[in-house]
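Here is the structure we will look at, set down as structure tokens.
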Amino acid sequence: MNDLLEYDTYDINAENAADLFAQQVEAPAPPLGDFSGKGFIVCAGGPYLESAYVVVRLLRHYGATLPIEIWHAGEDEVPAWARPAFIEHDATFHDIMDYCQNRPLKQMRGFPIKTAAILKTRLREVMLIDADCFPVCNLEFLFESQEYKDNKAVFFPDYQRHILLPDRPVWDYVGMPYKG
Numbered sequence: 001m002n003d004l005l006e007y008d009t010y011d012i013n014a015e016n017a018a019d020l021f022a023q024q025v026e027a028p029a030p031p032l033g034d035f036s037g038k039g040f041i042v043c044a045g046g047p048y049l050e051s052a053y054v055v056v057r058l059l060r061h062y063g064a065t066l067p068i069e070i071w072h073a074g075e076d077e078v079p080a081w082a083r084p085a086f087i088e089h090d091a092t093f094h095d096i097m098d099y100c101q102n103r104p105l106k107q108m109r110g111f112p113i114k115t116a117a118i119l120k121t122r123l124r125e126v127m128l129i130d131a132d133c134f135p136v137c138n139l140e141f142l143f144e145s146q147e148y149k150d151n152k153a154v155f156f157p158d159y160q161r162h163i164l165l166p167d168r169p170v171w172d173y174v175g176m177p178y179k180g
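Here it is, written out as structure tokens:
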């Protein structure tokens, strides 16, 4: 699985992402390390830092007690003055560049950080929340939902990108029918 962080330097885009993903997951190596617990991952920094703070505040406001990890790419994405506001709500910061030192910084910003954060977290079960997706309740119940217990995954569409349409190959990869 660590090979996912070592992709070639060409761009990953909507047209080739599914094929690149399929190449990597055909024979994945088991993850290394000691994983435990459940928690939230929010990938943010730079222009998304403020909205990530809103996500953290809303999760805590609605009573979420699970760990919240804020993943970013490079120290410049999270200024020192902003960190105490997150830490006050028990959110921790993780710089993906600590794990991908041989990758150019610009290659880890944006969508690649999401996969890398899931691979590098110490959590066994994660809920990845977009920094611009604001919860309207405590989301911890989803870890106990029957859908999650049966499938170990729950997907929500990003309505701006229409990424989870019925004809997308992701449904074949995860072995689930589209239920949109």
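Using the UniProt record's numbering, you'd call the opening residue of the sequence shown number 1 and step up by one each time. Idealized CB from N, CA, C, for every residue including glycine.
Among the options, the one whose alpha carbon lies nearest that of residue i
i	options	result
D130	K179, W71, T65	W71
L119	P79, N138, L105, Y99	Y99
C133	G74, F40, P166, V170	F40
C43	P104, V78, L165	V78
G63	V154, P112, K179, L139	L139
K149	P135, C137, E125, R168	E125
F93	E144, N102, D76, R103	D76
E69	L20, G175, V154, K38	K38
N16	Y178, K179, G175, V170	V170
Which of helix, strand or coil DSSP assigns to residue i
i	result
K179	coil
G39	strand
D19	helix
A27	Residue placement at A27 cannot be trusted, given a pLDDT of 49 that sits under 50; the coordinates are not used to answer.
F86	helix
D76	helix
G45	coil
D98	helix
K106	helix
Bounding residues of the alpha helix (DSSP H) (the contiguous stretch that carries residue i)
i	result
V54	49 to 61
residue 212	This structure leaves residue 212 out entirely; the chain is present only between 1 and 180.
A116	112 to 120
Endpoints, the beta strand (DSSP E) within which residue i is located
i	result
W71	68 to 72
A91	91 to 95
Task: Within the region 124 to 167, ranges of the beta strand (DSSP E) (whole runs, at least 3 residues) - done: Taken in chain order, the unbroken stretches of beta strand (DSSP E) that lie wholly in the region 124 to 167 and span 3 residues or more are 125 to 128.
Open item on the list: Is it the case that the region 106 to 116 contacts the region 55 to 66, given that we only count it when at least three CB pairs across the two stretches are under 8 Å?
Closed with: Using a C-beta cut-off of 8 Å, the region 55 to 66 makes no contact with the region 106 to 116, since fewer than three inter-stretch Cβ pairs fall below that distance.
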